[in-house]
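Under numbering that gives the first Met the number 0, the residue at position 22 of the sequence shown is numbered 21, and the numbers go up by one with no gaps. Even glycine gets a Cβ: it sits at the ideal position worked out from N, Cα and C. Below: one structure, written as structure tokens.
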Amino acid sequence: MLVDKYGRTVDYLRISVTQRCNFRCRYCMPTTPFSWMPKENLLTFEELFLFVKVAIDQGVTKIRITGGEPLVRKDLDVFIKMISDYKPDIDLALTTNGFMLRHYAKRLKDAGLKRINMSLDTLDEKKAKFIAQKGILHEVLAGFEAALDAGLKVKLNTVALKGINDNELVSLLEFAKFRGSQIRFIEYMENTHAKDDLKGLKSDEILAIISEKYKITKDEKLPNSPASIYKLEDGYKFGIIDPHKHDFCESCNRIRLSAEGLLIPCLYFEDALSIKDAVSKGDIVVASEILRQVLENKPEKNKWAVGTQNETSSRAFYQTGG
Ligand code: SAM
Ligand code: SF4
Numbered sequence: 000m001l002v003d004k005y006g007r008t009v010d011y012l013r014i015s016v017t018q019r020c021n022f023r024c025r026y027c028m029p030t031t032p033f034s035w036m037p038k039e040n041l042l043t044f045e046e047l048f049l050f051v052k053v054a055i056d057q058g059v060t061k062i063r064i065t066g067g068e069p070l071v072r073k074d075l076d077v078f079i080k081m082i083s084d085y086k087p088d089i090d091l092a093l094t095t096n097g098f099m100l101r102h103y104a105k106r107l108k109d110a111g112l113k114r115i116n117m118s119l120d121t122l123d124e125k126k127a128k129f130i131a132q133k134g135i136l137h138e139v140l141a142g143f144e145a146a147l148d149a150g151l152k153v154k155l156n157t158v159a160l161k162g163i164n165d166n167e168l169v170s171l172l173e174f175a176k177f178r179g180s181q182i183r184f185i186e187y188m189e190n191t192h193a194k195d196d197l198k199g200l201k202s203d204e205i206l207a208i209i210s211e212k213y214k215i216t217k218d219e220k221l222p223n224s225p226a227s228i229y230k231l232e233d234g235y236k237f238g239i240i241d242p243h244k245h246d247f248c249e250s251c252n253r254i255r256l257s258a259e260g261l262l263i264p265c266l267y268f269e270d271a272l273s274i275k276d277a278v279s280k281g282d283i284v285v286a287s288e289i290l291r292q293v294l295e296n297k298p299e300k301n302k303w304a305v306g307t308q309n310e311t312s313s314r315a316f317y318q319t320g321g
């Protein structure tokens, strides 16, 4: 079991398999990303898998594959199958923008993927193009349907943005509910890579908008989940991820692995250690020691939570995977 020095059990590994992305979401990426890493710096799937085995053997029970856009990395299903074959009962999930899902959903499901979180900020084609800086909506919706048809559980993630999709929150919620999917509204987190003119809606504003049409009650939060859960009168549950109001540090159960092999104990890069050398040599002992060290480095609170909210973070979501 992996327990850090503050008594938190760490059983959740998020793996970013690439920084690259086929979108340029205004809240996530600069139009010209300035730090694409060269391909040779990426850990191969074999190297990533070596670390995954170490992590599973030490107590990791949940793995999420993310990015950048994870589906732009070739043969992702092969990597998913490696993990699933090693531990078939692992909670194996993927976060994707959905654009390529139409072509891969069935393959991913057959490989052992269980769940998907898909980003969907709007149901309006023009707005989708404005946000992602590319015409995307048709393919994204087709990807959503393909994932449901393949039998994957799909949650939708919506970053709530003032003047952009605030008049659509109810339609997005109804769309998700109609398709039997949970939607989670995410507060926009300010960062230096995002466009300057963006303003996010806070959780109270999101709730106020939905309350104009529906009676909402607060539901029980799932342990270790950053989402606050709310219920409509008919029992449909949706979530809000509200980092401006809550810090999730007390119940944090996760560590992150970046595409180039940095093992990151917290949302920020400080105190991250590289496993690249160890896994390229197939050295399980050293990889395991690095994991223990990173756990030791896991801070009690992230920088945001200790009062730097007013500074815009330089943390890039496309690098750490959100
Ligand atoms: N490309 C995939 C996607 O978009 O789902 C996975 C990576 S993306 C970085 C993971 C999540 O981070 C997405 O749900 C996205 O909406 C969210 N995200 C990115 N930038 C954000 C920001 N500035 N504030 C809040 N959420 C953000
Ligand atoms: Fe790409 Fe996801 Fe970032 Fe959008 S949020 S630019 S889809 S990594």
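Burial state of residue i (16 or more Cβ within 10 Å)
{"i": "A286", "result": "buried"}
{"i": "A315", "result": "buried"}
{"i": "G134", "result": "exposed"}
{"i": "V278", "result": "buried"}
{"i": "K217", "result": "exposed"}
{"i": "G58", "result": "exposed"}
{"i": "P225", "result": "buried"}
{"i": "E68", "result": "buried"}
{"i": "H192", "result": "buried"}
{"i": "G162", "result": "exposed"}
{"i": "K125", "result": "exposed"}
{"i": "L221", "result": "exposed"}
{"i": "D10", "result": "buried"}
{"i": "A207", "result": "exposed"}
{"i": "V284", "result": "exposed"}
{"i": "D241", "result": "buried"}
Nearest candidate by alpha-carbon position, reference residue i, set the options
{"i": "L160", "options": "V169, G199, E144, A175", "result": "G199"}
{"i": "R106", "options": "A141, S118, G150", "result": "G150"}
{"i": "F174", "options": "T157, R23, I163", "result": "T157"}
{"i": "H243", "options": "Y235, T17, E299, I185", "result": "I185"}
{"i": "D276", "options": "R178, L262, S83", "result": "L262"}
{"i": "Q292", "options": "K280, P264, K300, Y103", "result": "P264"}
{"i": "G281", "options": "H102, E46, K194", "result": "E46"}
{"i": "L100", "options": "V139, E167, K52", "result": "V139"}
{"i": "Y103", "options": "S118, K73, Y85", "result": "K73"}
{"i": "Y85", "options": "D76, I55, L75", "result": "I55"}
{"i": "N190", "options": "R23, R13, M28, Y11", "result": "M28"}
{"i": "E1", "options": "E299, L294, Q318, P298", "result": "Checking the displayed sequence, the identity of residue 1 turns out to be Leu instead of Glu. Measuring from the Cα of L1, the nearest candidate turns out to be L294."}
{"i": "V16", "options": "D76, K126, C24, S202", "result": "D76"}
{"i": "N252", "options": "T60, N21, F48", "result": "T60"}
{"i": "A141", "options": "R178, K113, G162, I163", "result": "R178"}
{"i": "S257", "options": "D88, F50, G162", "result": "F50"}
{"i": "L272", "options": "M81, C24, N21, I289", "result": "I289"}
{"i": "S202", "options": "D165, K194, S180, A193", "result": "D165"}
{"i": "P298", "options": "S227, I254, V284", "result": "I254"}
{"i": "I205", "options": "Y187, K300, S83", "result": "Y187"}
{"i": "M117", "options": "R23, T43, L147, D88", "result": "L147"}
{"i": "I62", "options": "G238, A145, R13, I163", "result": "R13"}
{"i": "C300", "options": "L266, Q318, I82, V284", "result": "Here the sequence assigns Lys to residue 300, which means Cys is not the residue at that position. Per the Cα distances, L266."}
{"i": "Y317", "options": "T65, T43, Y11", "result": "T65"}
{"i": "C24", "options": "D120, I182, K108", "result": "D120"}
{"i": "F22", "options": "L70, T43, A110, I239", "result": "L70"}
{"i": "L197", "options": "L136, Y26, E259", "result": "Y26"}
N- and C-terminal bounds of the beta strand (DSSP E) containing residue i
{"i": "F143", "result": "Careful: F143 lies outside any beta strand (DSSP E), inside the alpha helix (DSSP H) at 136–148."}
{"i": "V293", "result": "Element bounds for V293: not the beta strand (DSSP E) but the alpha helix (DSSP H), 283–296."}
{"i": "R72", "result": "Neither: R72 is in no beta strand (DSSP E) and is coded neither H nor E."}
{"i": "Y229", "result": "226–231"}
{"i": "I263", "result": "261–263"}
{"i": "V350", "result": "Within the shown structure, residues of the chain are numbered from 0 to 321, placing residue 350 beyond reach of any answer."}
{"i": "S118", "result": "114–118"}
{"i": "E186", "result": "181–186"}
{"i": "G238", "result": "236–240"}
{"i": "K217", "result": "215–217"}
{"i": "I25", "result": "Reading off the sequence, residue 25 comes out as Arg, not Ile. Premise fails: R25 is in no beta strand (DSSP E) and is neither H nor E."}
{"i": "T191", "result": "First-last for T191: undefined, no H or E at that position."}
First through last residue of the alpha helix (DSSP H) which encompasses residue i
{"i": "R19", "result": "Element bounds for R19: n/a, residue is neither H nor E."}
{"i": "R101", "result": "100–110"}
{"i": "V53", "result": "44–56"}
{"i": "K128", "result": "124–131"}
{"i": "F174", "result": "168–177"}
{"i": "K275", "result": "275–279"}
{"i": "L91", "result": "Taken as a continuous stretch (DSSP letters only), L91 belongs to no alpha helix (DSSP H), being part of the beta strand (DSSP E) at 90–95."}
{"i": "I205", "result": "202–210"}
Does the stretch 121–130 come close enough to the stretch 91–98 that 3 or more CB-CB pairs lie under 8 Å? no
Take every Cβ of the stretch 230–238, pair it with every Cβ of the stretch 34–51, and state whether three or more of those distances are shorter than 8 Å. no
Given 8 Å as the limit, is there contact between the stretch 5–16 and the stretch 246–253, that is, 3 or more CB pairs closer than that? yes
Would the stretch 197–213 and the stretch 161–169 be scored as touching if the rule is three or more Cβ pairs under 8 Å? yes
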